[in-house]
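*Asks:* Below are the structure tokens for one structure; questions will follow.
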Amino acid sequence: MDKEKGKDSPDLLSAALDESGITPENDPAALNDKDFMRNFQEMPKTQQTENYMQMAHNVWNPAAFGFNPAMMEYASKFPFMDKNFASMMRPEMFANPAFMQMALQNQMMNGFAGYPYNMQNKDFNPYYMNGEAAYRSMMMSAAPQRAEPEEEAEDEEELLRAETYADYMPSKLKIGIRHPDPVVETSSLSSVQPPEVWYKLSIPEETIDRGSLSALQLEAITYACQQHETILPDGTRAGFLIGDGAGVGKGRTLAGIIYENYLLGRKRAIWLSVSNDLKYDAERDLKDIGAGKIEVHALNKFKYAKISSKINGSVRKGVIFATYSSLIGESQSGGKYKTRLKQLLHWCGDDFDGCIVFDECHKAKNLCPAGSSKPTKTGLTVLDLQNKLPKARIVYASATGASEPKNMAYMTRLGLWGEGTPFKEFTDFISVVEKRGVGAMELVAMDMKLRGLYMARQLSFSGVTFKIEEIPLSEHFKDMYNESVSLWVEARAKFAEAAELMEGDPRTKKTMWCQFWASHQRFFKYLCIASKVPQVEKLTREALKNGKCVVIGLQSTGEARTLEQLEESGGELTDFVSTAKGVFQSLVEKQFPAPDHKKTMRLLGLDLLPVGNNSAGASTSSGGKRKPLRRARQGVKRYREYKLSDESSSEEYIHSGGSDFEPSGDESPVGENDDLMSPSGSDSERESDFNPFDDESDSNGPWTNRKKSKKGKKRKSKSNHGFKKQKQPPKPLPNIDAVEKASAMKAELLEKIEILGDSLPPNTLDQLIDSLGGPENVAEMTGRKGRVVSNDGNIQYESRSEADAPLETLNMVEKQRFMDGEKHIAIISEAASSGISLQSDRRVKNQARRVHMTLELPWSADKAIQQFGRTHRSNQVNAPEYLFLISDLAGERRFASIVAKRLESLGALTHGDRRATESRDLSQFNIDTKYGRTALEATMRAVMEYDIPLVPPPSDYRGDFFADVRRALIGVALINENPHSGYHMLDKDYNNMAKFMNRILGLPVELQNRLFQYFTDTLEAVISQAKKAGRYDLGILDLGSGGDLVKRVKVDSFHQKHATGIAKTELHTVLVERGLSWEGALEKWAECNDKDEGFYLSSQARNSRKTAILAVADSGKSKSDKGKLFRVYRPNTGLQAKQETLEELKSKYHKSTKKEVEEHWKENYEASENLCSHMYWYGQCRRKTMGGSCEVGLRQRKYYVLSGAVLSVWTKIESIMSAHHGNHNAKLQVVRLKFEESSRVVGCLIPANVVDVLKKVLAEDATETEEKEF
């Protein structure tokens, strides 16, 4: 049995008892049965399975059970129950020996815990819910009266999620003028102070007084230079991490660090970034701060020789600007400086102590990749550069640097792992941090700020407004979409069948499927975006009419498809190219498992046809303008005309696998254009299946062409004796019938694509530019070389380059036209937009308010915020307006809400009222989390009927929901069919979130929405269960919010030594007072004026007592009775986290006068000082009976919080927590304390039972300790 599940069993048992309100002490039959009571104790792991079986036997034993319905309800909550038990659990069954035997042999009894929560909570168990009504009513009537379920739930939720951001001002450095825009910092970072400043800047006073560098930029420069004076235990110089978000002015900060070092005689610097265009930004930033004399040289413009040599302009000082990809550049001609890295190392010299900036370092490709993939060459080169220059002053700059632990792999200079730290290797560090959850990473960030090696500020979004614009899908669009889905499903079946006919090797098939799914993803993404074009056009015209200017964000341009179509049509176009159609057509032409007919005819010796032959003539007379479908038909015709009777001549058919159709998107096994150091890409392996017949191939498909060796020549293979190796006999060609059949299928597919193409939308970018007035009105900042334009009704392709603006600088020219007000519409693509600033800058002519429209939202809120950084930056006249255009496809609404929630937390405002369904828990909107992955797994297993569904299928769905979803998922290969047995099984990556989100786009419109809704319902169930089991990772929570009072009782301080100095760790003992006295309640009641506000009493009494509450209407919510929400206050626990609707209130309570409520309120308030809810409502508490303590519902609670430099003592905390809890995966719950005197502390909660041990261990290694009582 799984250790973890086994370990959790007693906890699940306790949870089941608490949940039901039934305890052993209130059931005489159970108390008399010693064997039964034995199972309440924790058992050794080795006995676990046996104990389950024994327990099952005891519970199902009619004698021990006594047919007690209350015990039967309790039994139904066991984690090992499955549908057989649940559906058969009726009193008469327990007397049946056959049933007893089945119970003991059931697979759940033999250690397979599956989904423990399936049966643990009856709300999510359809079999339990669908049981006989009489049986259920008997169970319910027999069970004791339970506490209102929300009471304990609210008690657990007393820790509210902390508000995410706080206003930021430098705390220790008092130089410089205020930053021109409001800046914020995460609440956790704002709770800690950086170290004292002792470094004195050399930057001229005039630069500071002029305001070229603001106070917060000067602060980062000072702390970076101060940190650079520290040498780590391993002898390398300490580095600094700037985590500032988009728009804060990170470029000027980096320029400032380089300038400071230049003034101190360190005149050489390296600046690494993601795009060559950013070199101009680096030059501008240096010039803006008065350091224009420092020259910036592009590494990729140097020849492969000494950088200081004459051939390279004798560059001896300044900044060398390079992209991460150019860093791994290598000369084919060899020589001493044949790599860019060698050039840089020589230029720097062995004792280099200048500055190296790793800008946007999270984009330097994976150094610590997931799974079995290998580190990338770029990542290793970045690491190598640091290792070879140990005294260099390293600055890392990344907005996501400290939020994604894996992005920190090459931040070796931070001193978080390695010699002199608690973590020997990076792998030790990352395993601990990821295991302990979101809160752990927050603690690492705080620790780094405390040590003075990290700063992370973000531009506030106050003043920014955003709106979610929903675009309804027309019936015509839905029909076209569903037709496309059907054709893709058919295409998949044909690809699979043809691959079998052609007997392709596994590698070729892998390439083919990789391309198939990448194209599938692109096709449906293009359709999603195209559905929004008419609305974008309308909204743009409205914005321009109102004196605003518009920025439209796209993810891709579709240029490759346009060029292919141009080639097909001989350069002549009659209409805008359909990108979606081009994707599909290109896939079939290049990747379909049928040979290129001309190439195959040559191979078979059938190309010696008379010139006048009709077939051959047809292939040339049209000048290459013939449609692909006609060409494919022609191929089939030729095969039929010239079918060979002697198949031996076709023996040497090609089975090689390469392709120059690069995998892209989330479907590719490796990231786009990645440079993995994997042997699979080596020349030797390419050679192993090299085919001598493909030397003149003009096909791009893997079925007829193998990519040639990079050097264009074949290596000689020799044996030990110098003789050539014997070639492996080539695979025989599939028989001509198979070839014919595959070619016919290809032709049929192309014909259907041609027909579908008539209804597919044109290229989004070209269509938008044309409808908004053409290139003369629209500034295009993308990576494409040309575009299709309409001139007086004539459609033609033209290059984007202009006489005075070559392609290389065109984006910068277009940006300037937009900023100067020559053009009022800008369209930017993801690839080209990195680092481009389009805000209404005070320094530019065009200061109109920007309306930023997003046609395709990324799933990640962080990525979305980075995109919005293009139009929301420092020094702007007015804040932008964001428009999210969303359709009814693939959960787009949900992604919009994730981004909207993040924007709200950053201070942005929605148009009109905030949504009534607003929740204080941002995390529930995010799907790409471990809970999302668990929910996806549960969803897929429910669809396959492997497990009991956590939530029932949609009740209003016509037909069999799971069966329809199964059929649809077979069409997108998330469910695979065994061709021999017909048995269906889940794809190996069925729980991969990116794959799921991409593939469900290939489902019919209604079904994909229903499936996505079912998945989100399941996610809510998973999160609810995780919360109840105490395993939900909430990130940082607030203690002392919602009116609670937090009193500091005592602080124990321990001064600990770490890699870069000494820092203080503090253990706070705090009391939280959360109740609301009668006097306090009356004050709130006096402010009520709505007819439904006021005091309520519960409809039912428990233990002769009634629940008293005060309901106050939420002013920001809907005024209609139906949508009205109320804040609820209780005497013992104060303001509740969950708001209630009027309907919910009236179902449990009735409106009462203050006179009726007063006695109940006061009694509950006074009793809750030392009486838990169980004792108050039932007169008994299981935890207290068993000698423990219970704090559920208490007015005052005591907490222990460890704050300060937690990282240096992390391993000690780990070992203590594990030893006392036995759970190595327990989450470190990070909380924020807000004291009465307004000071704040963030740290991790320490369980009361380990406090004494922890104090003792911390004191042992501390250089100094102190204790302070309040």
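Mapping of the sequence shown onto full-length UniProt numbering: position 880 corresponds to residue 880, and the numbering continues sequentially without gaps. Heads up, the beta-carbon is just placed ideally off N, CA and C, and yes, glycines get one too.
Report all residues from its chain with a CB closer than 6 Å to the CB of residue 866; omit the five preceding and five following residues, and keep chain order.
*Replies:* 246, listed in sequence order.
*Asks:* Count Cβ pairs between the region 1054 to 1072 and the region 1199 to 1207 that sit closer than 8 Å; are there 3 or more?
*Replies:* Counting Cβ pairs under 8 Å, three or more are found: they touch.
*Asks:* Grab me the residues of residue 1059's own chain with a C-beta within less than 7 Å of its C-beta, minus the 5 sequence neighbours each way, in chain order.
*Replies:* 232, 233, 415, 420, 421.
*Asks:* Nearest-angstrom Cα distance between residue 583 and residue 750?
*Replies:* For residue 583 and residue 750, the distance between alpha carbons rounds to 12 Å.
*Asks:* Which of helix, strand or coil does DSSP assign to residue 1050?
*Replies:* Of the three classes helix, strand and coil, the one that applies to residue 1050 here is strand, per DSSP.
*Asks:* Could you spell out where the alpha helix (DSSP H) holding residue 1252 opens and where it closes?
*Replies:* Here the alpha helix (DSSP H) through residue 1252 covers 1251 to 1261.
*Asks:* May I ask you to list the residues that DSSP assigns as paired with residue 340?
*Replies:* The partner list for residue 340 (beta bridge, DSSP) is empty, contrary to what the question assumes.
*Asks:* Could you spell out where the beta strand (DSSP E) holding residue 297 opens and where it closes?
*Replies:* From DSSP, the beta strand (DSSP E) with residue 297 extends over 296 to 298.
*Asks:* Could you tell me whether the Cβ atoms of residue 361 and residue 398 are closer together than 8 Å?
*Replies:* Against a cut-off of 8 Å, the Cβ pair of residue 398 and residue 361 comes out as a contact.
*Asks:* In the structure shown, what three-state DSSP assignment does residue 1023 receive?
*Replies:* In this structure, residue 1023 counts as helix in the three-state DSSP scheme.
*Asks:* On the premise that residue 191 lies in contact with residue 1232, defined as a C-beta separation below 8 Å, what is that separation, rounded to the nearest angstrom?
*Replies:* Right, their Cβ atoms sit about 6 Å apart.
*Asks:* For the putative contact between residue 847 and residue 840, defined by C-beta atoms under 8 Å, what is the C-beta separation to the nearest angstrom?
*Replies:* Yes, residue 847 and residue 840 are in contact; Cβ-Cβ is about 5 Å, under 8 Å.
*Asks:* Grab the span of the alpha helix (DSSP H) containing residue 781 for me, first residue to last.
*Replies:* Looking at the DSSP string, residue 781 is not in any alpha helix (DSSP H); the run it does join, the beta strand (DSSP E), is 778 to 781.
*Asks:* Residues in its own chain within less than 6 Å of residue 78 by CB, not counting five upstream and five downstream?
*Replies:* Unreliable positioning characterises residue 78 in this predicted model, as indicated by a pLDDT of 46, which lies under 50. The coordinate reading is nonetheless provided below. No residues qualify anywhere along the chain.
*Asks:* Secondary structure at residue 1078, three-state DSSP: helix, strand or coil?
*Replies:* The answer is helix: DSSP assigns residue 1078 an H, G or I state.
*Asks:* With residue 434 as the anchor, note down where its alpha helix (DSSP H) starts and where it stops.
*Replies:* Residues 426 to 435.
*Asks:* State the Cα-Cα distance for the pair residue 763 and residue 745, rounded to the nearest angstrom.
*Replies:* So the alpha carbons of these two residues sit roughly 27 Å apart.
*Asks:* In whole angstroms, give me the CA-to-CA distance for residue 759 and residue 1021.
*Replies:* Using only the alpha carbons, I get a separation of about 41 Å.
*Asks:* List the residues that DSSP assigns as beta-bridge partners of residue 347.
*Replies:* Looking at the DSSP assignment, residue 347 forms no beta bridge with any residue, so it has no partner.
*Asks:* Would DSSP call residue 946 helix, strand or coil?
*Replies:* Looking at residue 946 - three-state DSSP - the assignment turns out to be coil, as it is neither helix nor strand.
*Asks:* Quick check on residue 1268: does DSSP put it in helix, strand or coil?
*Replies:* Reduced to three states, the DSSP call for residue 1268 is strand.
*Asks:* By Cβ distance below 7 Å, which residues in the same chain neighbour residue 1099 in space, the five residues on each side in sequence not counted?
*Replies:* Hits under 7 Å: 1148, 1149, 1150.
*Asks:* To the nearest angstrom, how far is it from the Cα of residue 1260 to the Cα of residue 1071?
*Replies:* Spanning the two alpha carbons is a distance of roughly 27 Å.
*Asks:* Can you list, in chain order, the residues of its chain with a C-beta nearer than 8 Å to that of residue 260? Leave out the 5 residues immediately preceding and following it.
*Replies:* So the qualifying residues of the chain are 201, 202, 203, 221, 225.
*Asks:* Rounding to the nearest angstrom, what Cα-Cα distance links residue 949 and residue 930 in this structure?
*Replies:* Rounded to the nearest angstrom, the two C-alpha atoms are 19 Å apart.
*Asks:* Go ahead and label residue 932 buried or exposed: buried means 16 or more other beta carbons lie within 10 angstroms of its beta carbon, across all protein chains shown.
*Replies:* So residue 932 ends up on the buried side.
*Asks:* Which residue from 829, 956, 1057, 516 puts its Cα closest to that of residue 1002?
*Replies:* Among 829, 956, 1057, 516, the Cα nearest to that of residue 1002 belongs to 516.
*Asks:* Report the residue ranges of all alpha helix (DSSP H) runs contained in full by the region 1172 to 1229; include only those spanning at least 4 residues, in chain order.
*Replies:* Runs of the alpha helix (DSSP H) inside the region 1172 to 1229: 1173 to 1178, 1182 to 1185, 1210 to 1221.
*Asks:* Quick one: give me the first and last residue of the beta strand (DSSP E) that residue 1088 is part of.
*Replies:* From DSSP, residue 1088 is part of no beta strand (DSSP E); its letter is neither H nor E.
*Asks:* Assuming contact is defined by CB atoms lying nearer than 8 Å, are residue 467 and residue 883 in contact in what I supplied?
*Replies:* Contact: yes.
*Asks:* Return the residue from the list 178, 173, 182, 176 that minimises the CA-CA distance to residue 167.
*Replies:* Checked all of 178, 173, 182, 176; the closest Cα to residue 167 is 182.
*Asks:* From residue 1256 to residue 169, what does the alpha carbon distance come to, in whole angstroms?
*Replies:* So the alpha carbons of these two residues sit roughly 37 Å apart.
*Asks:* Could you check what DSSP says for residue 1056 in three-state terms: helix, strand or coil?
*Replies:* DSSP places residue 1056 in strand when its eight states are reduced to three.
*Asks:* Consult DSSP for residue 977 and reduce its assignment to one of helix, strand or coil.
*Replies:* Three-state result, residue 977: strand.
*Asks:* To the nearest angstrom, report how far apart residue 464 and residue 273 are at their CA atoms.
*Replies:* Near 29 Å, if we compare the C-alpha coordinates of residue 273 and residue 464.
*Asks:* First and last residue of the alpha helix (DSSP H) that includes residue 225?
*Replies:* That run of the alpha helix (DSSP H) goes 215 to 227.
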